[in-house]
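Under the working numbering, the residues of the sequence shown are numbered 146 to 586, in order.
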Amino acid sequence: MGKDTLTVTDNRTGKSYEIPISYGTYPTYGAAIKAADLKQIKVSDDDFGLMSYDPSFGNTASCRSTITHIDGERGILRYRGYPIEQLAEQSTYLETGYLILHGELPTRSQLDAWMWEITHHTMIHESIKKFLDGFHYDAHPMGMLIGTVGALSTFYPEAKDIHDPAVRRKQVIRLMAKMPTLAAFAYRHSRGLPYAYPDNDLSYTGNLLNMLFKTTELKYAPNPVLERALDVLFILHADHEQNCSTNAMRGIGSSHADPYSALAGAAAALYGPLHGGANEQVLRMLNEIGSKDRVPAYIERVKKGEVLLMGFGHRVYKNYDPRAQIIKQVADEVFEVTGVNPLLEIALELERIALQDDYFVSRRLYPNVDFYSGIIYQAMGFPVEMFPVLFAIPRTSGWLAQWEEMLEDKEQRISRPRQVYAGPDRRDYVPMAAREAGKAA
Ligand code: CMC
């Protein structure tokens, strides 16, 4: 291999520039030039210099990160180097969350301490119930979650001290612990059910099921297969490098806002139907299609550009999303307990036809994590509005790890993109009377 530089010739001036290329762990894990190095390319001294234009960050690295590695061509996902398949099979969500946040798998005593701390911070201030009571009976639980998690910042004013690692750690524990409680309370409000308090004897997902579904029994006993299935789904959703909501978390956090405010913004980004709201839209789409024989007609509508095939396509994966592969296995285990969701037949037919149709093949569109997760959640008894909430709870570990990494990174400053201005040139203010006269003329 030659030199690790890029030589660029500006044909406007005939000048050449040599720009260094830097790499990730290996050159194949990401090679980049610094956009700031383009600034030296000018046509005159008063020229601002060349920028890179990249709407929607299609090919821009915004940070160096050690948390998650995705190889979209080969369908690879790893947290801190560990393949997602191994974590889904052998780890738990809380252990994976520890790994994502700390960089290494915990020892037994570290894991016990971590689980103990999270288990003992699940309660929320009673006043939060009063905000929840103010929401309409049909308020979307994701809207309630975004509002209440943002409101937590007012309960913990010390959280503003984002440069103190001990203070940060306290908020990490609180957010990991309280997100399930906020989510469950939002759900109970929308059902008109009394709030069910956390049960410290249960696992992270067992307790979530308890807070969601407990009725008159003195002690809720989660079904172990469903509890484990939810835990695996949480592992799969824990982080996904620089996606839309993580970019929002880092962007808001870069102004040194407290983590509750930043996380409310990240959750708001997740809520959109192109991101974490897609699982909800998949279910609505499957219901709209209604039966297997109507799948080809729906595919035709997608190809005409009338609708999107929700749960398909990804900015990074140009191959089968590895999370979707694992979810299909989890689905089999869940359906043994709950019975098969009749929508599965429609989903399988959509996938079968799409994977051999040139529209999808040529654009490299494959099922993503959201395609099958909703079918499982529905079989487990969750209403569709809860699906994005079930994405936000585990993504909390990823958001917080990315936020801390950003704060510790000396290269990061307030997030502030540039633009290429394409509006009107300088012009003089026109008084109202002259504007009216101009119109009449
Ligand atoms: N159905 C039909 N056509 C699609 C789809 C789809 N789901 N996704 C992409 N395309 C087409 C798109 O129209 C474009 O075609 P053309 O080149 O003719 O204009 C081409 O494929 C490339 O798509 P793109 O919009 O440039 O891709 P993107 O990287 O900007 O968008 C995406 C990625 C995930 C937003 C998009 O694939 C999409 O809208 N998918 C449906 C929503 C969805 O399932 N989102 C969940 C993403 S995974 C979990 C998460 O991160 O939250």
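Where a beta carbon is used, it is the ideal one built from N, C-alpha and C, also for glycine.
In its own chain, which residues sit with a C-beta less than 6 angstroms from the C-beta of residue i, not counting the 5 before and 5 after it?
{"i": "Ala-328", "result": "Leu-290, Val-534, Ile-538"}
{"i": "Thr-483", "result": "Ala-524"}
{"i": "Arg-223", "result": "His-214"}
{"i": "Gly-410", "result": "Ala-393, Ile-397"}
{"i": "Phe-589", "result": "Since the first and last residues shown for the chain are 146 and 586, residue 589 lies out of range."}
{"i": "Thr-350", "result": "Glu-372, Leu-375, Asp-376"}
{"i": "Thr-382", "result": "Per the sequence presented here, residue 382 reads as His, with Thr not at that position. Excluding positions up to five away in sequence, the list reads Phe-536, Pro-539, Arg-540."}
{"i": "Gly-175", "result": "Gly-169"}
{"i": "Asp-306", "result": "Val-312"}
{"i": "Arg-572", "result": "none"}
Let's see if you can read the secondary structure: which residues bound the beta strand (DSSP E) around residue i?
{"i": "Leu-222", "result": "221-224"}
{"i": "Ile-559", "result": "Taken as a continuous stretch (DSSP letters only), Ile-559 belongs to no beta strand (DSSP E), as it is neither H nor E."}
Can residue i be considered in contact with the ligand CMC, in the sense that its beta carbon sits closer than 7 angstroms to one or more heavy atoms?
{"i": "Ala-423", "result": "yes"}
{"i": "Gly-458", "result": "yes"}
{"i": "Asp-515", "result": "yes"}
{"i": "Met-455", "result": "yes"}
{"i": "Val-534", "result": "no"}
{"i": "Val-529", "result": "no"}
{"i": "His-334", "result": "no"}
{"i": "Leu-232", "result": "no"}
{"i": "His-285", "result": "no"}
{"i": "Leu-419", "result": "yes"}
{"i": "Lys-354", "result": "The identity of residue 354 in the sequence shown is Leu, whereas the question assumes Lys. Answer for Leu-354: no, Cβ out of range of the ligand CMC."}
{"i": "Val-440", "result": "no"}
{"i": "Asn-388", "result": "yes"}
{"i": "Arg-508", "result": "yes"}
{"i": "His-281", "result": "no"}
{"i": "His-214", "result": "no"}
{"i": "His-385", "result": "yes"}
{"i": "Val-447", "result": "yes"}
Per the DSSP calculation, residue i is bridged to which residue(s)?
{"i": "Ala-214", "result": "This sequence places His at residue 214; Ala is not what is there. Paired residues: Arg-223."}
{"i": "Pro-165", "result": "Thr-150"}
{"i": "Lys-160", "result": "Asp-155"}
{"i": "Phe-457", "result": "Pro-512"}
{"i": "Pro-228", "result": "Arg-223"}
In the DSSP assignment, the alpha helix (DSSP H) including residue i goes from what residue to what residue?
{"i": "Ala-524", "result": "514-524"}
{"i": "Ala-407", "result": "404-416"}
{"i": "Glu-433", "result": "423-434"}
{"i": "Leu-363", "result": "Element bounds for Leu-363: n/a, residue is neither H nor E."}
{"i": "His-247", "result": "238-247"}
{"i": "Gly-398", "result": "389-398"}
{"i": "Ala-492", "result": "488-499"}
{"i": "His-385", "result": "Element bounds for His-385: n/a, residue is neither H nor E."}
{"i": "Val-440", "result": "440-448"}
{"i": "Asp-477", "result": "467-483"}
In its own chain, which residues sit with a C-beta less than 7 angstroms from the C-beta of residue i, not counting the 5 before and 5 after it?
{"i": "Met-356", "result": "Pro-325, Thr-326, Ala-329, Ala-341, Pro-343"}
{"i": "Arg-563", "result": "Met-196"}
{"i": "Leu-431", "result": "Leu-488, Ile-491, Ala-492"}
{"i": "Asp-155", "result": "Ile-186"}
{"i": "Gly-262", "result": "Gly is not the amino acid found at residue 262; the sequence shown has Glu there. Once the five neighbours on either side are set aside, the close Cβ partners of Glu-262 are Ile-318."}
{"i": "Arg-468", "result": "Leu-222, Ile-229, Leu-381, Val-514"}
{"i": "Trp-259", "result": "Leu-239, Tyr-243, Pro-251"}
{"i": "Phe-280", "result": "Met-289, His-334"}
Excluding the 5 residues flanking residue i on each side, which residues of the same chain have their C-beta closer than 8 angstroms to its C-beta?
{"i": "Ala-423", "result": "Met-455, Gly-456, Asn-513, Asp-515"}
{"i": "Lys-274", "result": "Phe-330, Tyr-340"}
{"i": "Lys-448", "result": "Asp-502, Tyr-504"}
{"i": "Ser-436", "result": "Ile-491"}
{"i": "Ala-374", "result": "Val-475, Glu-478, Val-479, Ile-521, Met-525"}
{"i": "Phe-276", "result": "Gly-292, Thr-293, Ala-296"}
{"i": "Thr-152", "result": "Ser-161, Tyr-162, Glu-163, Ile-164"}
I'd like the ranges of any alpha helix (DSSP H) spanning at least 4 consecutive residues and lying wholly in the region 252-319. 253-264, 272-279, 286-300
- Message: Could you tell me which whole beta strand (DSSP E) segments of length 3 or greater appear in the region 175-206?
- Response: 176-178
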